[in-house]
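Structure first, commentary second.
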């Protein structure tokens with residue numbers, strides 16, 4: 021277990037701890053939205069602490085496992101992130117599972133793209149250690165931007181998402197994740213023997229940036245399409261409601277006109293009958309009442 025202990029003595033410094041805290045905050049805020057009441061905030065803080073502890077432990081185990089599986093190497097860092105995202109999604113995401121699954125895929129690919137970029141600073145031997153730690157802190161903060169984007173532009177309803185585009189976005193995230201592993205394996209077994217390490221690190225860093233941008237752009241595009249679909253459906257519903265209200269108003273107006281006409285007829289008949297009664301025209305009044313009653317006998 022010396023390598024397991026070496027993780028805490030050699031790797032787990034302030035910059036690395038900050039990187040994991042940012043990842044934990046991103047996972048909790050994106051996958052389980054936090055309400056503004058005290059209880060929700062305390063639960064979120066407890067979950068962040070749990071994710072942080074799980075991430076550290078899993079990463080330490082993967083770091084130790086690199087003794088037996090050399091391919092883990094630098095991949096122990098992004099692999100731990102991926103493992104924690106999957107574990108958190110399975111344990112805590114129940115409502116709107118389809119949306120949470122899409123967000124987990126996007127978040128995983130974005131976090132891994134940043135991870136593979138930030139990890140490179142640990143291998144830049146020509147930079148002072150203090151500077152590499154500062155760079156790790158600065159670029160780890162990109163994950164906060166990722167979380168802010170995913171929280172601000174939240175997918176509203178899975179029904180509004182095109183199945184084809186959802187599949188494309190998920191495939192894109194899968195390609196990003198798989199590519200990170202492929203690139204790292206190529207670096208270990210193909211590039212490093214023939215290409216200087218500095219050039220390989222530069223290529224990997226550029227790849228990480230490209231993958232991150234592609235992930236965020238694909239998500240925002242899907243959100244934009246989802247938002248337009250939702251607005252179009254809302255407008256159609258509002259138009260239907262307005263049309264139905266207009267029809268109802270027409271019916272009400274017609275009924276009011278009919279009531280006014282009946283009132284007018286009743287008033288005229290009353291005036292006419294009263295006039296005949298005052299003139300003593302009882303026979304004429306009786307005949308008129310018979311006519312109004314459809315031929316029935318008038319009340320004597």
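In my numbering, the protein residues as written are 21 to 320.
Ideal Cβ positions, reconstructed from N, Cα and C, are used throughout, including at glycine.
**Report entry** Cβ pair residue 49, residue 167 closer than 8 Å
**Finding:** By 1-based counting over the chain shown, the position of residue 49 is 29. By 1-based counting over the chain shown, the position of residue 167 is 147. In contact: residue 49 and residue 167 (Cβ atoms closer than 8 Å).
Query raised in the report: By how many angstroms is the C-alpha of residue 124 removed from the C-alpha of residue 190?
Result: Within the chain shown, numbered from 1, the residue matching residue 190 stands at position 170. Within the chain shown, numbered from 1, the residue matching residue 124 stands at position 104. Here the C-alpha atom of residue 190 lies approximately 10 Å from the C-alpha atom of residue 124.
Query raised in the report: So, residue 127 versus residue 60, is the Cβ gap smaller than 8 Å?
Result: Numbered from 1 along the chain shown, position 107 holds the residue referred to as residue 127. Numbered from 1 along the chain shown, position 40 holds the residue referred to as residue 60. No; because the gap between Cβ atoms is not below 8 Å, this pair is not in contact.
**Report entry** Coil, strand or helix - residue 319 by DSSP
**Finding:** Taking the first residue of the chain shown as position 1, residue 319 is located at position 299. Here residue 319 scores only 44 on pLDDT, less than 50, and its place in the model should not be relied on; the value that follows carries that caveat. Residue 319: coil per DSSP, three-state reduction.
Query raised in the report: What alpha helix (DSSP H) runs, 4 residues minimum, are completely inside the stretch 75 to 128?
Result: For the stretch 75 to 128, whole alpha helix (DSSP H) runs of length 4 or above, ordered along the chain, are 96 to 112.
Query - Beta-carbon proximity list for residue 24, same chain, < 8 Å, skipping 5 on both sides - result: Within the chain shown, the letter at position 4 stands for residue 24. In its chain, beyond the 5 residues on either side, 80, 81, 83 and 84 have a beta carbon closer than 8 Å to the beta carbon of residue 24.
Report task. On a CA-only basis, which of 76, 55 and 52 is nearest residue 31? Give me that one, please. Result -> By one-based count along the chain shown, residue 31 stands at place 11. Of the candidates 76, 55 and 52, 76 places its Cα closest to the Cα of residue 31.
Report task. For residue 197, collect the residues of the same chain with a Cβ closer than 8 Å to its Cβ; drop the 5 residues on either side in sequence, then sort them by chain order. Result -> As a working note, residue 197 is residue 177 in the chain shown. Contacts found: 102, 128, 129 and 132.
Query raised in the report: Among residues of its own chain, excluding the 5 on either side of residue 135, which ones have a beta-carbon nearer than 6 Å to its beta-carbon?
Result: Reading the chain shown from its first residue, position 115 is the one you call residue 135. The answer, listed in chain order, is 97, 98 and 101.
Query - Selection from 227, 106 and 183 that minimises the alpha carbon distance to residue 204 - result: Translated into positions along the chain shown, residue 204 becomes position 184. The shortest C-alpha separation from residue 204 is found at 227.
Query raised in the report: In this structure, does DSSP put residue 246 in helix, strand or coil?
Result: Start at 1 with the first residue of the chain shown, and residue 246 comes out as number 226. Looking at residue 246 - three-state DSSP - the assignment turns out to be helix.
Requested in this report: Go to residue 189, then tell me how far its alpha helix (DSSP H) extends in each direction, as first and last residue.
Outcome: To locate residue 189, count along the chain shown from 1; it is residue 169. From DSSP, the alpha helix (DSSP H) with residue 189 extends over 183 to 206.
Query raised in the report: Candidates 73, 170, 225 and 156: which alpha carbon is nearest residue 235's?
Result: Start at 1 with the first residue of the chain shown, and residue 235 comes out as number 215. Nearest of 73, 170, 225 and 156 to residue 235, Cα basis: 170.
Query raised in the report: Where residue 187 and residue 104 are concerned, what is the direct C-alpha to C-alpha distance, given to the nearest angstrom?
Result: Here residue 187 refers to the residue found at position 167 of the chain shown. Here residue 104 refers to the residue found at position 84 of the chain shown. Between residue 187 and residue 104, the C-alpha separation is close to 23 Å.
**Report entry** Residue nearest to residue 164 in terms of C-alpha spacing, selected from 307, 298 and 38
**Finding:** One-based indexing of the chain shown puts residue 164 at position 144. Minimum Cα-Cα distance from residue 164 among the listed residues 307, 298 and 38 corresponds to 38.
Requested in this report: Decide if residue 119 is buried, meaning its Cβ has at least 16 other Cβ atoms within 10 Å, or exposed.
Outcome: In the chain shown, residue 119 corresponds to position 99, counting from 1. By the Cβ-count criterion, residue 119 is buried, with 16 or more other Cβ atoms from all chains shown falling within 10 Å of its own Cβ.
Report task. Spatial neighbours of residue 68 within its chain, please: CB distance less than 7 Å, with the 5 preceding and 5 following residues excluded, ordered by chain position. Result -> Working through the chain shown from its first residue, we reach residue 68 at position 48. Leaving aside the five residues that flank residue 68 on each side, the residues in its chain whose CB is nearer than 7 Å to its CB run, in chain order, 44, 45 and 48.
Query raised in the report: Is residue 277 helix, strand or coil by DSSP?
Result: Stepping through the chain shown from its first residue, residue 277 is reached at position 257. Here DSSP, grouped into helix, strand and coil, assigns residue 277 to helix.
Query - Under 8 Å between C-beta atoms of residue 243 and residue 175 - result: Sequence index remark: in the chain shown, residue 243 carries index 223 (1-based). Sequence index remark: in the chain shown, residue 175 carries index 155 (1-based). In this structure, residue 243 lies near residue 175, with their beta-carbon atoms less than 8 Å apart.
Report task. Assign residue 316 to one of two classes, buried (16 or more other C-beta atoms within 10 Å of its C-beta) or exposed (fewer than that). Result -> To locate residue 316, count along the chain shown from 1; it is residue 296. Residue confidence is low: residue 316 scores 47 on pLDDT, short of 50, so the model does not pin down where it sits. Its coordinate-derived value is still stated next. By the neighbour-count rule (16 or more Cβ atoms within 10 Å), residue 316 is not buried but exposed.
Query raised in the report: By Cβ distance, which residues of its chain are closer than 7 Å to residue 108, with the 5 residues on each side in sequence left out?
Result: As a working mapping, residue 108 is identified with position 88 in the chain shown. Cβ neighbours of residue 108 beyond the five flanking positions: 47, 51 and 71.
**Report entry** Contact check, residue 230 vs residue 156, beta carbons under 8 Å
**Finding:** As a first step, residue 230 must be located in the chain shown, where it is residue number 210. As a first step, residue 156 must be located in the chain shown, where it is residue number 136. Not closer than 8 Å, so no.
Query raised in the report: Taking Cβ positions, are residue 312 and residue 289 nearer each other than 8 Å?
Result: Here the question's residue 312 lines up with position 292 in the chain shown. Here the question's residue 289 lines up with position 269 in the chain shown. Yes, these two residues count as a Cβ contact at 8 Å.
Query raised in the report: Do residue 293 and residue 308 have their CB atoms nearer than 8 Å?
Result: Taking the chain shown and counting its residues from 1, one reaches residue 293 at position 273. Taking the chain shown and counting its residues from 1, one reaches residue 308 at position 288. Less than 8 Å divides the Cβ of residue 293 from the Cβ of residue 308.
Query raised in the report: Can the beta-carbon of residue 161 be found less than 8 Å from the beta-carbon of residue 42?
Result: The count along the chain shown starts at 1 and reaches residue 161 at position 141. The count along the chain shown starts at 1 and reaches residue 42 at position 22. Closer than 8 Å, so yes.
Query raised in the report: So the alpha helix (DSSP H) residue 310 belongs to, where does it begin and stop?
Result: Residue numbering aside, residue 310 sits at position 290 when the chain shown is read from its first letter. Going by DSSP, residue 310 is part of the alpha helix (DSSP H) stretching over 302 to 312.
Requested in this report: Look at the alpha carbon of residue 239 and the alpha carbon of residue 172, and state the distance between them as a whole number of angstroms.
Outcome: Stepping through the chain shown from its first residue, residue 239 is reached at position 219. Stepping through the chain shown from its first residue, residue 172 is reached at position 152. The C-alpha of residue 239 lies about 12 Å from the C-alpha of residue 172.
Report task. Determine the direct distance from the alpha carbon of residue 260 to that of residue 153, and round the result to whole angstroms. Result -> Translated into positions along the chain shown, residue 153 becomes position 133. Translated into positions along the chain shown, residue 260 becomes position 240. Straight-line spacing of the CA atoms in residue 153 and residue 260 works out to 59 Å.
Requested in this report: Please state if the CB of residue 95 and the CB of residue 201 are separated by a distance shorter than 8 Å.
Outcome: Position 181 of the chain shown, counted from the first residue, corresponds to residue 201. Position 75 of the chain shown, counted from the first residue, corresponds to residue 95. Cβ atoms of residue 201 and residue 95: closer than 8 Å.
Query raised in the report: Under 8 Å, do residue 54 and residue 64 count as touching if we go by C-beta distance?
Result: Residue numbering aside, residue 54 sits at position 34 when the chain shown is read from its first letter. Residue numbering aside, residue 64 sits at position 44 when the chain shown is read from its first letter. In this structure, residue 54 sits near residue 64, with a CB-CB distance shorter than 8 Å.
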